[in-house]
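J.: Protein chains in written order, with this note's numbering: chain A, 1 to 506; chain B, 1 to 396. Have a look at this one.
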């Protein structure tokens, strides 16, 4: 075996109150495709940030050996100079600039003081050919698909003389054919001697593509598996990733569901004039009283768009179709109408459009229904505190004071505030968009318990989630969304991950 | 006790007190260098009257900045509306009780017109209000082109910025030579503020919220009492409380109440804190934008009326740079440019700091040069905002 190109030894990185990485070792052999897997929050991204110098030398302990030398990176520029390139999930391209400008950004070919645009276009065309991308280099990046944009990122990285290419969940937003293209490209690069580290949640792709797999869990290296020794398979990976049986993390629920349909959506289509394309096509589904339905699908399938379009359409889609709530046809013009009719929507993006981070807990809880704590437009502070205290204890929000600002809370507590905020409007239908994203296992369990309690009391819940175990563990029925359409309906008790994945990638 | 220790005290935020301390320093400093001229009753009364029309604008600007916008048009809008009052009273001979409500409504409409493209089309408020700045300046020049200035002779209108509240208690013989209604109002204000603070503290204790230690609380109350009694005493020694001060206090306390106690206030801070989250919480960001700009128009009208009354005329340059003075006052008062943060009382203090500085520099021979004054004003604004941002970071 040759000398590893990268060796990270005993890396420990702490944040205030939490050890994100604990004595992690990570070794990548020259010329291999190495997959890094683990649950959300296992420490994969933190490890890559340590490697790329986002967390500079001195903020972590342990050694990084790259290309035979101990490296002390003080920033991304250092790691790039050493030959490491990282492509993040959120692409860092300039949508308004052309393809060739993007590809050679930071590596402009100059002639004296000015840029030699002809050479730039020539060079970028070459680079695009390298990654198998056949587009006009003069088109704007924003007009290309996500898959093509990803390839541009890779082309951009290849302009530098790289030895190690790190891809952070590159296929999360890609469709199947784009994924295949990418796998092919990774194979090509491997032949050319570029080592690849791939962070991925998709185990199938890991099994197909990896030479070696390292599993992280809760900030520690769990194991390294070798594909050539037939160690890499789905069961082994899942067992190592979660370290526990999946099925016992969901609390039991008394099923009290009736056959009364509380909400029905018929022939629902939405067109986004901003994107210039349809985001939802012919959606039909029913929600019964006291039921949890799960919306499964890949990121970008249109589940959040569906929730927004039902919840008063704040994004200004052009909508056709019928929405029937409690036997009445509804035509919401704003989220306010939807809230008044009995629908609540807890956003997937707590920081972005869910909570007001710079305000305190009580204000966030009461914001969507100030009429409950006010008379003639004047807020009663004492009533507010009484209610906020009630919801705080009902949801077990851990905080010394209701005057704590949201920014200072942990992700799990933020999510509980977000749910408290929407329970405060006393809805009939609660839409939870990724209710457990980015929160720890304990808080997840609490949120599941709360969801069960709510449906037992007769509320109906729509849960949007990208975590398949969660969808399977919590839903009475599952709708799988793919490319803006519902590609299938499954019973929660009978469905399995493979079925859902199959429908989600249709 | 060092500043560092002060910062660590629970519930005590150095930022909240910085401006009070700055105001105190300015008053003491100019009191000394002008041989006491700065703190003579007549000058303090004058300072309050000068502050009035800027403070009123700064209050409106606070809400504008809180919802992440800016309104540059308010200075010349105030000038225009002052001219409109003058034309209504002098040229057209309408009575004052008709002219003032009409001008106030005109102000609300003007604010809403600025807000329309901002709220409905997403035009940056900087651009929309810059257009307003140009247009209102043009209108003001046009309106005053005939005579240059329009003299106002209506006594009731002039009294707004030159008269004082009537002293119906003057028959009482105690404390001769003072304005007794002013003293009474000051006393009432003191009692009210202390009672309110005690009740807030009690309810915070009840709910286990963070509070400052008792001795700090008492010091705080003593400070309030000292400031109010000083101001009341000084004012009662001249002609008593002017109508300008009354209007200013009504506007400030009204807006402060809206900010703290009403659903509308909650919605304004929510829109400023996170517009997307506010929209998804059932708040119409468009509606809030229209209301806040409409209120800015109303306050511009009040400011314009106060200024016209003070000069007893409408002039072609009325309102010049008022918008920037108001913005500076709001920032000095601790409003955050990132939105969602700011207090109405802070902006009043900001306006007082800013205007005391201008007034003091005019009185002091060393700084009577206008060019130097601009430089110092700029430095004070920069220092205030740097202080604000630095203390905000230290809190984290």
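Ideal Cβ placement from N, Cα and C applies to all residues, glycine included. Just so you know, these numbers come straight off a predicted model, no measurement behind them.
Looking at the unbroken alpha helix (DSSP H) that takes in residue 126 of chain A, where does it start and where does it end?
T.: Residue 126 of chain A sits at position 126 when you count from the first residue of the first chain. It spans 117-130 - the alpha helix (DSSP H) in which residue 126 of chain A sits, taken as one unbroken run.
J.: Comparing C-alpha positions only, which one of A:12, A:453, A:116 and A:56 sits nearest to residue 290 of chain A?
T.: Taking the first chain and counting its residues from 1, one reaches residue 290 of chain A at position 290. Looking at the Cα atoms, A:453 is the closest of the given residues.
J.: Provide the residue span of the beta strand (DSSP E) that contains residue 267 of chain A, from first to last.
T.: Residue mapping note: residue 267 of chain A aligns to position 267 of the first chain, counting from 1. Residues 261-272.
J.: Please list, in chain order, the chain A residues whose beta carbon lies closer than 7 Å to that of residue 277 of chain B.
T.: Taking the second chain and counting its residues from 1, one reaches residue 277 of chain B at position 277. In chain order: 353, 354, 355 and 356.
J.: Return yes when the Cβ of residue 403 of chain A is within less than 8 Å of the Cβ of residue 324 of chain A, no when it is not.
T.: For the purposes of this step, residue 324 of chain A is taken as residue 324 along the first chain, with counting starting at 1. For the purposes of this step, residue 403 of chain A is taken as residue 403 along the first chain, with counting starting at 1. Cβ atoms of residue 324 of chain A and residue 403 of chain A: not closer than 8 Å.
J.: Once DSSP output is grouped into helix, strand and coil, what is the label at residue 248 of chain B?
T.: Counting from 1 along the second chain, the entry for residue 248 of chain B is found at position 248. Here residue 248 of chain B sits in helix by DSSP.
J.: Reducing DSSP to helix, strand and coil, say where residue 8 of chain A ends up.
T.: Counting from 1 along the first chain, the entry for residue 8 of chain A is found at position 8. It is a strand residue.
J.: In the DSSP output, which residue or residues are listed as bridge partners for residue 295 of chain A?
T.: Residue mapping note: residue 295 of chain A aligns to position 295 of the first chain, counting from 1. For residue 295 of chain A, which the question treats as bridged, DSSP gives the partners A:464 and A:479.
J.: Against chain B, which members of the region 304-320 of chain A pass a CB distance test of less than 7 Å?
T.: Against chain B - using a Cβ distance shorter than 7 Å - the residues of the region 304-320 of chain A are 314.
J.: Should residue 141 of chain A and residue 94 of chain A be called a contact, given that it needs their Cβ atoms to be closer than 8 Å?
T.: Locating residue 141 of chain A in the first chain gives position 141, where the first residue counts as 1. Locating residue 94 of chain A in the first chain gives position 94, where the first residue counts as 1. Yes, they are a contact pair.
J.: Spatial neighbours of residue 429 of chain A within its chain, please: CB distance less than 8 Å, with the 5 preceding and 5 following residues excluded, ordered by chain position.
T.: Looking up residue 429 of chain A in the first chain gives position 429. Cβ neighbours of residue 429 of chain A beyond the five flanking positions: 262, 263, 287, 325, 342, 343, 344, 459, 460, 461 and 462.
J.: Mind listing the chain B neighbours of residue 345 of chain A? Cutoff is C-beta to C-beta under 9 Å, in chain order.
T.: Within the first chain, the letter at position 345 stands for residue 345 of chain A. Correct list: 280.
J.: To the nearest angstrom, how far is it from the Cα of residue 9 of chain B to the Cα of residue 45 of chain B?
T.: Here residue 9 of chain B refers to the residue found at position 9 of the second chain. Here residue 45 of chain B refers to the residue found at position 45 of the second chain. Because residue 9 of chain B carries a pLDDT of 49, less than 50, the predicted location of this residue cannot be relied on, and no value is offered for it.
J.: Going along the region 205-235 of chain B in order, which residues come within less than 8 Å of chain A, judged by CB to CB distance?
T.: Within the region 205-235 of chain B, the residues whose Cβ lies closer than 8 Å to some Cβ of chain A are 207, 208, 209 and 210, listed in chain order.
J.: Just to confirm my understanding: we take residue 363 of chain B, look at its own chain, exclude 5 residues before and 5 after, and list those with CB closer than 8 Å. What are they?
T.: On the second chain, position 363 is the one that residue 363 of chain B refers to. So the list reads 30, 34, 37, 38 and 43, once near-sequence residues are dropped.
J.: Please classify residue 489 of chain A: does DSSP put it in a helix, a strand, or coil?
T.: Translated into the one-based positions of the first chain, residue 489 of chain A becomes position 489. Three-state DSSP puts residue 489 of chain A in a strand.
J.: In angstroms with no decimal places, state the Cα-to-Cα distance between residue 496 of chain A and residue 465 of chain A.
T.: Here residue 496 of chain A corresponds to residue number 496 of the first chain, with the count starting at 1. Here residue 465 of chain A corresponds to residue number 465 of the first chain, with the count starting at 1. Looking at the two C-alpha atoms, the distance is approximately 15 Å.
J.: What residues from the region 375-392 of chain A come within 8 Å of chain B, judged by C-beta to C-beta, listed N to C?
T.: Residues passing the 8 Å Cβ filter: 377, 378, 379, 381, 382, 385 and 389.
J.: Which word fits residue 73 of chain A, buried or exposed, when buried means at least 16 other C-beta atoms lie within 10 angstroms of its C-beta?
T.: Numbered from its first residue, the first chain carries residue 73 of chain A at position 73. Buried, because 16 or more other Cβ atoms sit within 10 Å of the Cβ of residue 73 of chain A.
J.: Check distances from the C-beta atoms of the region 401-418 of chain A to those of chain B and list, in chain order, the residues that come in under 9 Å.
T.: Answer in chain order: 401, 402, 403, 407 and 408.
J.: Using only alpha-carbon positions, find the residue among B:172, B:227, B:156 and B:161 that is nearest to residue 186 of chain B.
T.: Locating residue 186 of chain B in the second chain gives position 186, counting from the first residue. Comparing Cα-Cα distances from residue 186 of chain B to each of B:172, B:227, B:156 and B:161, the minimum goes to B:227.
J.: Quick check: residue 133 of chain A and residue 157 of chain A, are their CB atoms within less than 8 Å of each other?
T.: Here residue 133 of chain A is taken as the residue at index 133 of the first chain, counted from 1. Here residue 157 of chain A is taken as the residue at index 157 of the first chain, counted from 1. Their beta carbons are not under 8 Å apart, which means residue 133 of chain A does not touch residue 157 of chain A by this criterion.
J.: Could you check if residue 245 of chain A is buried or exposed, using at least 16 other CB atoms within 10 Å of its CB as the buried criterion?
T.: Within the first chain, the letter at position 245 stands for residue 245 of chain A. Because the pLDDT at residue 245 of chain A is just 49, under 50, the model does not fix this residue reliably, and the value given afterwards should be weighed accordingly. Its Cβ having fewer than 16 others within 10 Å, residue 245 of chain A is exposed.
J.: Between residue 294 of chain B and chain A, is there a C-beta pair that is closer than 8 Å?
T.: Sequence index remark: in the second chain, residue 294 of chain B carries index 294 (1-based). Chain A, which has no Cβ nearer than 8 Å to the Cβ of residue 294 of chain B, makes this no.
J.: Hey, does residue 333 of chain B have any beta-carbon neighbour from chain A nearer than 8 Å?
T.: As a working mapping, residue 333 of chain B is identified with position 333 in the second chain. It does not: the Cβ of residue 333 of chain B has no partner Cβ on chain A nearer than 8 Å.
J.: 8 Å is my cut-off, CB to CB: does residue 275 of chain A come that close to chain B?
T.: Stepping through the first chain from its first residue, residue 275 of chain A is reached at position 275. Not closer than 8 Å to any Cβ of chain B, the Cβ of residue 275 of chain A fails to qualify, so no.
J.: Out of curiosity, what's the CA-to-CA distance linking residue 204 of chain B and residue 210 of chain B?
T.: Here the question's residue 204 of chain B lines up with position 204 in the second chain. Here the question's residue 210 of chain B lines up with position 210 in the second chain. Distance between the alpha carbons of residue 204 of chain B and residue 210 of chain B is about 7 Å.
J.: Among the residues of its own chain, which have a CB less than 7 Å from the CB of residue 384 of chain A, if the five just before and after it don't count?
T.: One-based indexing of the first chain puts residue 384 of chain A at position 384. Answer for residue 384 of chain A: 362, 366 and 373, listed in chain order.
J.: Determine, for residue 165 of chain A, whether the minimum Cβ-Cβ distance to residues of chain B falls below 8 Å.
T.: The residue given as residue 165 of chain A occupies position 165 in the first chain. It does not: the Cβ of residue 165 of chain A has no partner Cβ on chain B nearer than 8 Å.
J.: Is there at least one Cβ from chain A nearer than 8 Å to residue 266 of chain B's Cβ?
T.: Locating residue 266 of chain B in the second chain gives position 266, where the first residue counts as 1. Judged by the 8 Å Cβ criterion, residue 266 of chain B is in contact with chain A.
J.: Please confirm whether residue 457 of chain A has its beta-carbon closer than 8 Å to some beta-carbon of chain B.
T.: Within the first chain, residue 457 of chain A is the residue found at index 457, counting from 1. Not closer than 8 Å to any Cβ of chain B, the Cβ of residue 457 of chain A fails to qualify, so no.
J.: Check each residue of the region 178-204 of chain B: if its Cβ is closer than 8 Å to any Cβ of chain A, include it; give the result in chain order.
T.: For the region 178-204 of chain B, which is checked against every Cβ of chain A, the residues closer than 8 Å are 203.
J.: Between residue 341 of chain B and chain A, is there a C-beta pair that is closer than 8 Å?
T.: Taking the second chain and counting its residues from 1, one reaches residue 341 of chain B at position 341. True, the Cβ-Cβ gap to chain A drops below 8 Å.
J.: At which residues does the beta strand (DSSP E) containing residue 277 of chain A begin and terminate?
T.: As a working mapping, residue 277 of chain A is identified with position 277 in the first chain. Residues 277-288.
J.: Where do the N-terminal and C-terminal ends of the alpha helix (DSSP H) with residue 353 of chain B fall, by residue?
T.: Numbered from its first residue, the second chain carries residue 353 of chain B at position 353. Unbroken alpha helix (DSSP H) run through residue 353 of chain B: 344-363.
J.: My output table needs one value for residue 399 of chain A: the three-state DSSP class, helix, strand or coil.
T.: Locating residue 399 of chain A in the first chain gives position 399, where the first residue counts as 1. Residue state, collapsed to three classes: coil.
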